[in-house]
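One structure is given below, encoded as structure tokens.
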Amino acid sequence: MRMPSSAGEAIAWVIVALAAIYLVTRFTGIRWRPKVLQKPDVPLSNLTKKR
Amino acid sequence: MSASKLLLVGNPNSGKTTLFNALAGMRARTGNYPGITVEKRSASLEHQGKALELIDLPGTYSLTPNSPDEEVAERELRNCPEANVLVVVDATAISRGLYLLTDVARPGRKITVALTMADEAKRRGIEISAQALSETLNVPVRAVDARDREAARALLRDLENAAEVTLDLDYPGLVTKLARDADVPESEAARAVMGAAHPESIEERLGDSLAKRALALAPEELAAAQEAVACARYACTEALKSAATSAPPKATNDTRTEAIDRVLLHPILGLLVFALVMGLLFEGLFSGADPFIELIEGAVGSAQSLVRTMMGESVLRDLITDGVIAGVGNVVVFVPQIAMLFLAIAFLEDSGYLARVAFLIDRVMRGIGLQGGAFVPMLSGFACAVPAVMGTRTIASEKDRLVTMLALPLTSCSARLPVYVLIIAVVFAGESRVLGIFSMGAVVLFSMYMLSVLGALGAAAIMRRTILKGPTPPFVMELPPYRMPTLGALLRITWSKVKGFLIDAGSVILALSIVLWALLTYPVHEESVAHYAAQREGVTDAAELEAIDQAQRAALLEHSAAGSLGKAIEPIIEPLGMDWRIGVGIVGSFAAREVLVSTLGIVFGSGEADEESESLREQLSSATRADGSQLMTPLSGLALLIFFVFACQCMSTLAAVKRETQSWKWPLFMFGYMTVLAYVSALLVYQVGGMMGFT
Ligand SMILES: Nc1nc2c(ncn2[C@@H]2O[C@H](COP(=O)(O)OP(=O)(O)OP(=O)(O)O)[C@@H](O)[C@H]2O)c(=O)[nH]1
Ligand SMILES: [Mg+2]
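From first to last, the protein sequence lines stand for chains V and S.
In this text, residue positions in the first sequence follow my numbering: the first is 127, and each later residue adds one.
In this text, residue positions in the second sequence follow my numbering: the first is 21, and each later residue adds one.
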């Protein structure tokens, strides 16, 4: 890995790293667009489950 | 001490969420058709110095649930025996509301009643005395226009006087006996009798001992008792109704709604009107937003130029202009169109027309093997598939629900709009008008939406006949009256959605753009740098130097991380008429569709000379392949469009399906079939189109 050639490039790298970290955290706890609750309040086959 | 609870319980479309919003200052989704709210939602507020938790629930007709959304309401009532209940009764359909009241009432349950739609009842000449009803029921009853905040607040003051309702319910002997044997109130025993028709969750709902007794009844005995319970409730409801209406009932039909429906629900005329409405919508979407888009495009270009003049040449500057501004700016360009789409959908939902479309289409749906009600979530899929997937909770049959859930992500959600508009503007601009009214772009856009609907219906039909066979229950849906949506409400809904889009653009798309820029910039291909440096030796002609710079940028792009990835998948997408640059965009768009636009902005923008700020549309139309031929032709554009119509490129939708089905099986299946469908369709279009001589 080469070193950044200028201060500007170093800053750019930091910004890229921050963006990547943001994306990873955002995607692992998928919460994008409308909030999707993690805990279901109606499982699909609760009501119409055949016995 | 924990906050006291107030549950909003009522029939679908009776105005519960409207009240909830008015009381708690919330912006939960409302709309003029049954089944908008499908999950519980709570808000805390302060009332007379005490904390109050207000809970909005899905609408239901009784406490014997028929579908998952009704089950949510039933379960919440069961789990909160102490909570106050505000029974929301639509004043224009009072019988149904009071019927539910007879089911909700039980010893110890404190109740107040809101008669919503008071304004509408008045217009239609329906006279109901809240006071008379209150005296009969022995609980506070108040007539309100739920949209009026002050009126809604008065309902909270009623809480002080909340009480058990007194009902004159004459239950059959069997219920009385059951109640005595199981040592429960009669109302509970009545519910057990009614619930025995749906034995699936009865133990959970009613407790073992009562459930066992109810299920042990002989079928004929049970059927007779059920009828008797229903009759007792109807008799009670009618008595309450006549106590509340002094004058003899006169014709109080909604003549306005009936008149409109004669046209809009007409088997032929209705479909014509629907086609016309859609045609105008797409014309508006395509042409109407153009001036705004040019304005924003101009602003994006100026922003890039400004940064270029302000900062010296540096990597950081490139990140800002070619990454951030190109990525985010090119998505933001589509805000006017998205806003128009949301506004139109909000109008269709709020006026009551959407429910009519489901009704019109019921016959088609029946042929497919789904009930017309399944079309309602599909239609709301035009805005976003995530709430639409949840909206399938109103569908009673599990298989119907699953089929609808799996097919509806094919309907074109708003995130596809920027992609459609961009590609169409590049390849179909400047064609002549169709029928003299509709621009070619609008027609192609309309066709993409039609194709998406046909795709969804076709997929549903196939699944219904193969992996998810089963009978289709008949479609019963209440048609709401037409209501003129208020401009304020429409703008509020539109703004909240546009805000969501902008927040996405400012966070996820921004971050993706930055990372993508890095992937397109690094690793720097030192050989190319050395190669072009050697070429520059001794060259003094400015034009020639510029040409070398251009070639170097292209070479660096191709050898970057993302470029190599694009090159690696190029053989797969080449038969669809795409090159590696579009490939990079497609890979990015699996995170979310609109990312295609920002990715293309970065890919094509980075290959450009710095000084000129061409719009993405111009960059795309002048782009060429390696062999010098034009990249975006009508045929390759069409193949790309069709790929986006069918492809499953939305993590949120997959997460929502996982949540609703409680397994990874169905979301993975959905992803698989949609991706295959997208690829094969695009391939067919490009290859067959090419053989037929189209370009
Ligand atoms: N004229 C009038 N319209 C109302 C009133 N209350 C609600 N509405 C409208 O009626 C429609 C239904 O309101 P919602 O609040 O979504 O009804 P809901 O009871 O929550 O319906 P579900 O969630 O489907 O059970 C919306 O279009 C509201 O704008 C009212 O008092 N008067
Ligand atoms: Mg609601």
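Each residue gets a CB set at the ideal place from its N, CA and C atoms; glycine is no exception.
Is there at least one Cβ from chain S nearer than 7 Å to valine 150 (chain V)'s Cβ?
Answer no: the Cβ-Cβ gap between valine 150 (chain V) and chain S never drops below 7 Å.
So lysine 419 (chain S) is in the alpha helix (DSSP H); what residue range does that whole segment cover?
Element bounds for lysine 419 (chain S): 418–427.
From the DSSP output, in three-state form, read off lysine 60 (chain S) for me.
Looking at lysine 60 (chain S) - three-state DSSP - the assignment turns out to be coil, as it is neither helix nor strand.
Is there at least one Cβ from chain S nearer than 7 Å to valine 142 (chain V)'s Cβ?
Yes, valine 142 (chain V) counts as interfacial toward chain S.
Give me, in chain order, the residues of the same chain whose beta-carbon lies closer than 8 Å to that of valine 384 (chain S); leave out the 5 immediate sequence neighbours on both sides.
So the list reads Leu477, once near-sequence residues are dropped.
Cβ of lysine 60 (chain S) within 6 Å of any heavy atom in ligand 2?
No; taking the cut-off as 6 Å, the Cβ of lysine 60 (chain S) has no heavy atom of ligand 2 nearer than that.
Only counting the same chain, and skipping five residues up and downstream in sequence, which positions put a Cβ closer than 6 Å to that of asparagine 52 (chain S)?
Hits under 6 Å: Asp370, Gly372, Pro500, Arg503.
From which residue to which residue does the alpha helix (DSSP H) around arginine 556 (chain S) run?
Note, arginine 556 (chain S): alpha helix (DSSP H), 546–556.
Rounded to whole angstroms, what's the CA-CA distance from arginine 61 (chain S) to alanine 659 (chain S)? Just pull it up for me.
Using only the alpha carbons, I get a separation of about 42 Å.
Ignore the nearest five residues each way along the sequence and tell me which others in methionine 12 (chain S)'s own chain have a CB closer than 7 Å to its CB.
The question about residue 12 (chain S) has no answer here: the residues shown for chain S are numbered 21 through 715.
Out of S:Lys678, S:Ala103, S:Cys670, point me to the one whose CA is closest to threonine 695 (chain S)'s CA.
For threonine 695 (chain S), the nearest C-alpha among the options comes from S:Cys670.
To the nearest angstrom, how far is it from the Cα of alanine 48 (chain S) to the Cα of proline 505 (chain S)?
Distance between the alpha carbons of alanine 48 (chain S) and proline 505 (chain S) is about 16 Å.
Are the beta-carbon atoms of leucine 390 (chain S) and aspartate 342 (chain S) separated by less than 7 Å?
No, they are not a contact pair.
Count the other CB atoms within 10 Å of the CB of methionine 129 (chain V); is the residue buried (16 or more) or exposed (fewer)?
Exposed, since its Cβ has fewer than 16 Cβ neighbours within 10 Å.
Residues of the segment 533–549 of chain S with a CB closer than 7 Å to any CB of chain V: list them in chain order, please.
Of all residues in the segment 533–549 of chain S, Ile534, Val535, Ala538 have a Cβ within less than 7 Å of some Cβ in chain V.
Evaluate serine 533 (chain S) with the Cβ neighbour count: other Cβ atoms within 10 Å of its Cβ, from every protein chain shown; 16 or more gives buried, anything less gives exposed.
Classification of serine 533 (chain S): buried, given that the 10 Å Cβ count is 16 or more.
By how many angstroms is the C-alpha of arginine 173 (chain S) removed from the C-alpha of valine 142 (chain V)?
If I take the Cα positions, the gap works out to 50 Å.
Is the shortest distance between the beta-carbon of valine 396 (chain S) and the beta-carbons of chain V less than 7 Å?
False, the Cβ-Cβ gap to chain V never drops below 7 Å.
Does any C-beta atom of chain V lie closer than 7 Å to the C-beta of serine 334 (chain S)?
With 7 Å as the cut-off, serine 334 (chain S) counts as an interface residue toward chain V.
Can you pull out the residues from the segment 242–253 of chain S whose beta carbon lies closer than 7 Å to at least one beta carbon of chain V?
Answer in chain order: no residues at all.
Counting only beta-carbon atoms, is alanine 231 (chain S) nearer than 7 Å to chain V?
Not an interface residue.
Whose Cβ in chain V lies nearer than 7 Å to the Cβ of proline 531 (chain S)?
The displayed chain sequence assigns alanine, not proline, to residue 531 (chain S). Simply Ala145, Tyr148, Leu149.
Terminal residues of the continuous alpha helix (DSSP H) containing glycine 621 (chain S)?
Taken as a continuous stretch (DSSP letters only), the alpha helix (DSSP H) holding glycine 621 (chain S) covers 615–626.
Considering only residues of the segment 155–230 of chain S, which uninterrupted alpha helix (DSSP H) runs meet the minimum length of 4 residues and lie entirely inside it, listed in chain order?
Runs found: 169–177, 193–202, 206–215, 222–226.
Ordered along the chain, which non-local residues of its own chain (more than five positions away) have a Cβ less than 8 Å from that of proline 205 (chain S)?
Answer for proline 205 (chain S): Arg126, Pro127, Ala199, listed in chain order.
Any heavy atom of ligand 1 closer than 6 Å to the beta-carbon of lysine 36 (chain S)?
Yes, since a heavy atom of ligand 1 falls inside the 6 Å radius drawn around the Cβ of lysine 36 (chain S).
Let me make sure I understand the geometry here. Which of S:Thr681, S:Ile415, S:Met598 has the alpha-carbon closest to that of alanine 643 (chain S)?
Per the Cα distances, S:Met598.
Shorter than 7 Å from the beta carbon of leucine 756 (chain S) to some beta carbon of chain V?
What the structure shows of chain S is the stretch from 21 to 715, and residue 756 (chain S) is not part of that stretch, so it cannot be assessed.
How about isoleucine 513 (chain S): is its Cβ closer than 6 Å to a heavy atom in ligand 2?
No - ligand 2 has no heavy atom lying nearer than 6 Å to the Cβ of isoleucine 513 (chain S).
Taking 7 Å as the threshold (beta carbon to beta carbon), is leucine 170 (chain V) in contact with chain S?
At leucine 170 (chain V) the pLDDT is 39, less than 50, meaning the model places this residue with poor confidence; the figure from the coordinates comes in the next sentence. By this cut-off, leucine 170 (chain V) is an interface position.
Could you give the residue range of the alpha helix (DSSP H) that holds alanine 138 (chain S)?
Residues 138–143.
On the DSSP letters alone, give me the boundaries of the alpha helix (DSSP H) that valine 528 (chain S) sits inside.
Element bounds for valine 528 (chain S): n/a, residue is neither H nor E.
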